[in-house]
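Following: one structure in structure tokens, then a few remarks.
Residue numbers (this note's numbering): 355 to 829.
What follows is the structure in structure tokens.
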């Protein structure tokens with residue numbers, strides 16, 4: 355019964371190849387008819403009179419002809435405005451045009467059959483499209499194609515990237531049933547962009563866009579990739595503004611650039627680090643904090659096996675390292691091993707203790723993330739323009755079949771929120787006159803967890819790790 359009422363959308367037929375132009379002409383037809391009626395009842399009598407008098411009066415035709423031209427001009431202008439508005443809002447004409455694109459794609463790629471018909475000793479050919487369906491739900495575009503083992507099976511199996519490039523949309527899912535595959539593509543992503551005032555933390559989730567949140571307890575740690583001028587620094591500052599309201603934020607700025615300016619603000623006193631020695635100290639402090647938290651939670655009277663920091667109302671602890679790759683390449687082998695040791699512990703073991711790492715870089719080469727660190731950071735964002743290889747480094751080689759499209763919009767990129775499906779992303783919008791420093795100056799102190807009385811021994815740390823099931827992650 356369910357298959358009988360399942361609606362796949364509009365089936366694409368050969369007449370869809372010109373359906374957009376036909377609808378435009380259909381909409382313009384009443385105005386053309388009005389122009390014809392006007393010409394017949396206004397212009398035609400004047401021309402008849404001039405013909406009878408055998409005297410052609412140009413001045414007498416100025417106003418009637420102007421009226422006719424105005425009818426045609428304003429009707430055409432109205433048609434253009436309606437069309438433009440429809441495209442901007444994803445309306446009727448926009449969807450019709452998408453169906454026309456799909457039909458023309460099938461034709462140009464030879465994805466159709468030809469059927470001969472004989473009529474009165476004359477042979478004609480009829481074009482037959484395969485069972486391809488179109489359905490648009492404003493936010494998601496569903497395109498269903500046949501994967502029934504016939505001659506176009508392999509081509510339809512690999513057509514998702516073509517659809518992404520055609521519609522400038524993001525392939526997010528595929529649903530298979532016997533003989534058919536439905537590709538789901540997300541469209542109209544830009545309208546989901548939020549302002550910086552809406553980037554807040556609620557119940558452990560950082561809202562980054564409508565429909566995109568960073569649930570740091572479920573998808574711990576974040577990788578931010580972005581080139582110069584792409585909006586990476588503004589995204590980091592936006593995250594800091596949201597995170598500092600719910601927990602502790604330590605900031606490492608190897609290049610001593612924009613983020614270093616925060617050290618002069620009371621809110622960030624002793625929370626801004628630069629220089630190899632102090633960045634190393636910051637990461638070591640984070641590991642020590644993680645270990646103290648595990649022992650601290652174990653000592654709480656309401657300790658419950660399997661619960662994390664949020665259960666005990668412990669504020670999260672974030673460590674942000676900007677320009678990670680540039681910093682890592684300046685270290686010698688001994689320094690790299692030490693820092694990677696700290697980073698690896700945080701990435702693999704710190705989630706339950708509420709300690710989270712945010713690494714930002716221009717290029718996430720695997721050689722700068724030893725020990726599988728990059729692969730274990732599941733929440734990933736790119737902003738700005740990247741080369742194709744940069745996208746594969748950011749989101750994984752398994753997405754080489756995806757069409758990553760660059761657009762000249764600051765703060766625009768892609769995000770993988772832990773679903774392993776990268777999709778288009780727009781960072782929270784920051785107005786030009788927005789002053790982060792002034793905002794930070796007005797904020798109260800960070801939320802800190804005082805674990806100074808907890809000075810665990812190595813045996814107590816190992817015992818706490820065992821209680822929280824971290825033994826298998828130990829080196």
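In this text, a Cβ means the ideal position worked out from N, Cα and C, and glycines have one as well.
Nothing here was measured: the structure is a model prediction, and the numbers come from that model.
The C-alpha of residue 628 lies about 19 Å from the C-alpha of residue 593. A straight line joining the alpha-carbon of residue 714 with that of residue 678 spans about 6 Å.
Cβ contact annotation for residue 506 (same chain, cutoff 8 Å, sequence separation greater than five): 465, 484 and 500, in chain order. In this structure, residue 791 lies away from residue 527, with their beta-carbon atoms at least 8 Å apart.
By the criterion of a C-beta distance shorter than 8 Å, residue 797 is surrounded in its chain by 598, 599 and 621, once the five residues flanking it on both sides are discounted. In this structure residue 547 touches residue 780 by the C-beta definition: roughly 4 Å separates them, less than 8 Å. The bridge partners DSSP lists for residue 538 are 496 and 527.
Within the model, the alpha-carbon separation for residue 763 versus residue 542 is close to 15 Å. Residue 563 is bridged by DSSP to 566. Judged by DSSP secondary structure, residue 443 falls outside any beta strand (DSSP E) and instead within the alpha helix (DSSP H) spanning 412–443. DSSP lists 673 as the bridge partner or partners of residue 604. Under DSSP, the beta-bridge partners assigned to residue 481 are 468.
DSSP places residue 635 in the helix class (H, G or I) of the three-state scheme. Taking a 10 Å sphere around the C-beta of residue 386, we find fewer than 16 other C-beta atoms and assign the residue as exposed. Per the C-alpha coordinates, the member of 673, 655 and 651 positioned closest to residue 664 is 651. Within the same chain, and ignoring the five residues on either side of residue 724 in sequence, the residues whose Cβ sits closer than 7 Å to its Cβ are 694. The distance from the Cβ of residue 372 to that of residue 454 is about 7 Å, consistent with a contact at the 8 Å cut-off.
Note on residue 670: 16 or more other CB atoms within 10 angstroms of its CB, so buried under the neighbour-count rule.
The beta carbon of residue 774 sits closer than 7 Å to no other beta carbon from its chain once the five residues preceding and following it are set aside. At the C-beta level, residue 552 and residue 540 stay beyond 8 Å of one another. When only Cα atoms are considered, residue 602 and residue 800 end up about 6 Å apart. Taking the Cα of residue 486 as reference, the smallest distance to any Cα among 508, 494, 477 and 460 is reached at 460. Within the same chain, and ignoring the five residues on either side of residue 760 in sequence, the residues whose Cβ sits closer than 6 Å to its Cβ are 739. Between residue 727 and residue 698 a beta carbon distance of about 6 Å is seen, short of the 8 Å cut, so the two are scored as contacting.
Beta-bridge annotation (DSSP): residue 576 is paired with 712 and 733.
Taking a contact as a CB-CB distance under 8 Å, the pair residue 737 and residue 589 counts as one, their CB atoms being some 6 Å apart. For residue 592, the three-state secondary structure derived from DSSP is helix.
Under the 8 Å Cβ criterion, the segment 568–583 counts as touching the segment 701–717, having at least three qualifying pairs. When the five nearest sequence neighbours on each side are left out, the beta carbons in the same chain lying within less than 7 Å of the beta carbon of residue 566 are those of 769, 771 and 779, in order along the chain. Residue 425 has its alpha-carbon roughly 48 Å from the corresponding atom of residue 562.
Within a 10 Å sphere around the beta-carbon of residue 532 sit fewer than 16 other beta-carbons, which makes this residue exposed. CA-CA distance, residue 491 to residue 529, rounds to 16 Å. By a beta-carbon distance limit of 8 Å, residue 633 does not contact residue 783. Their separation comes to about 31 Å. Residue range 687–703 is occupied by the alpha helix (DSSP H) that includes residue 701.
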